[in-house]
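Protein chains: 2
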Amino acid sequence: MKADMHMQEAIRQAKKSLSEGGIPIGSVLVKEEVAIAAGHNQRVQLNNPILHGEMDCLTQAGRLGSFHDTTIYSTLMPCYMCAGTIVQFGIKKVIVGESRNFAGARAFMESHGVEVVDLDLPECISMMEEFIKEKPELWNEDIGK
Amino acid sequence: MKADMHMQEAIRQAKKSLSEGGIPIGSVLVKEEVAIAAGHNQRVQLNNPILHGEMDCLTQAGRLGSFHDTTIYSTLMPCYMCAGTIVQFGIKKVIVGESRNFAGARAFMESHGVEVVDLDLPECISMMEEFIKEKPELWNEDIGK
């Protein structure tokens, strides 16, 4: 599959984080096909362990009241923190760039009725692969290992 | 059971949030029996949907490297967002004030090997009960309903 414009923005967010010395994972929140928020991992930049790409994106979105009619994009399959957030917020659909570098919590989300689409994009795969090879300690810290 | 000093601090955090016009849920992170961070729900105060009490507390903790040797206290049973975070971060023990007003994701945490202790404290129960009665819209927004 190809990256649509929202995934392209998520990838741009991931690259922005990388250029800041951070972890290259980006996310976009979409409502009625319009991007309403974007964010990227901020662990390094803000010294904040909870700000994965998806969580930073939801922080940027602010209080929408309800997230039930939104779709979230992420360059990588969500971990349990982000998946738990998606389930609790009632976000119905998740579109990810890849899951080869991190299998994440796909089954957990699906068991709660979330639709998960994995685009398996070479650009996302190589971006994470190179980062994990270069900074394994930072990556392990990010996934709680 | 009684509230130990860490739960007392979590309750103090919850009351602080209430006095600020926020949602009365507080949290404390403990390492080797010493409180290393505390926080409270910041949805209203910071216009931030991800800052439940536990998430604010982990934000205050910052990058510890590993959370495997920490225990987290919360005045209320964690939702899927906070439970997913606890599982992903490898936090081994959760001590909550109550779960009567919100059953939360106890089974999910336990299925991932997290020890969950519910103190069932009258003070925590009445605090949430009164808040939910007074501001049901805000409470429903907080749990994604």
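First to last, the sequence lines map onto chains A and B.
Taken in order, the first sequence gives residues 7 to 151; the numbers are from my numbering.
Taken in order, the second sequence gives residues 7 to 151; the numbers are from my numbering.
Just so you know, even glycine gets a beta-carbon here, dropped at the ideal spot from N, CA and C.
Practice item. Scan the segment 67–149 of chain B and note each continuous beta strand (DSSP E) run of 3 residues or more that stays entirely inside, going in chain order. Key: For the segment 67–149 of chain B, whole beta strand (DSSP E) runs of length 3 or above, ordered along the chain, are 76–80, 99–102, 121–124.
Review point. Exposed or buried, what is G59/B when buried is set at 16 or more other beta-carbons lying within 10 Å of its beta-carbon?
Key: Counting Cβ neighbours within 10 Å, G59/B comes out buried, since at least 16 surround it.
Practice item. Answer with yes or no whether the minimum CB distance from E121/A to chain B is below 8 Å. Key: No, its Cβ sits nowhere closer than 8 Å to a Cβ of chain B.
Review point. By Cβ distance below 6 Å, which residues in the same chain neighbour A9/B in space, the five residues on each side in sequence not counted?
Key: Closer than 6 Å at the Cβ level, and outside the excluded window around A9/B, lie L127.
**Study point:** Spatial neighbours of G110/A in its chain, beta-carbon cut-off 6 Å, leaving aside the 5 residues before and after
**Key:** Cβ contact annotation for G110/A (same chain, cutoff 6 Å, sequence separation greater than five): M83, P84, C85, in chain order.
Point to revise | Neighbour-count burial assignment, S117/A, 16 or more Cβ in a 10 Å radius | key: S117/A should be labelled exposed.
**Study point:** Spatial neighbours of N47/B in its chain, beta-carbon cut-off 6 Å, leaving aside the 5 residues before and after
**Key:** Same-chain partners within the cutoff: S23, G28, I29, I31, H58, G59.
Check your understanding: Are the beta-carbon atoms of T65/B and K99/B separated by less than 8 Å?
Key -> No.
Point to revise | For H46/B, the three-state DSSP class (helix, strand or coil) | key: In the structure shown, H46/B sits in a strand (DSSP, three-state: E or B).
Check your understanding: Who does A9/B pair with in a DSSP beta bridge?
Key -> Answer is none; A9/B lacks a bridge partner.
Exercise for review: Establish whether the CB of R112/A and some CB of chain B are separated by less than 8 Å.
Suggested key: No, no contact with chain B.
Practice item. Measure the C-alpha to C-alpha separation of H12/A and V36/A and round it to an integer number of angstroms. Key: So the two alpha carbons sit approximately 8 Å from each other.
Check your understanding: So with Cβ pairs under 8 Å, would you call M87/A a contact of chain B?
Key -> M87/A counts as touching chain B.
Point to revise | Residues that V93/B contacts on chain A, provided the C-beta gap is smaller than 7 Å | key: Within chain A, the C-beta atoms nearer than 7 Å to that of V93/B come from Y86, in chain order.
Practice item. With a 10 Å radius around its C-beta and 16 neighbouring C-beta atoms as the bar for buried, classify E38/B as buried or exposed. Key: Burial call: exposed.
Review point. Expressed to the nearest angstrom, what Euclidean distance is found between the alpha-carbon atoms of E26/A and Q51/A?
Key: CA-CA distance, E26/A to Q51/A, rounds to 7 Å.
Point to revise | N107/B versus I149/B: straight-line alpha-carbon distance, rounded | key: Roughly 12 Å separates the two Cα atoms.
Review point. Quick one: is I149/B near chain A, going by C-beta distance under 8 Å?
Key: For I149/B, the answer is yes, since a Cβ of chain A falls inside 8 Å of its Cβ.
**Study point:** DSSP state of L64/B mapped onto helix, strand, coil
**Key:** In the three-state reduction of the DSSP assignment, L64/B falls in the helix class, which pools H, G and I.
Check your understanding: Taking 8 Å as the CB-CB cut-off, is T65/A touching chain B?
Key -> By this cut-off, T65/A is an interface position.
**Study point:** C-beta neighbour in chain A for F73/B, strict 8 Å
**Key:** For F73/B, at least one C-beta of chain A is nearer than 8 Å to its own C-beta.
Exercise for review: Would you mind reading off the limits of the beta strand (DSSP E) that contains K37/A?
Suggested key: From DSSP, the beta strand (DSSP E) with K37/A extends over 32–37.
Point to revise | G103/A classed as buried or exposed, judged by whether at least 16 other C-beta atoms fall within 10 angstroms | key: G103/A sits buried, since 16 or more C-beta atoms from the chains shown fall within 10 Å of its C-beta.
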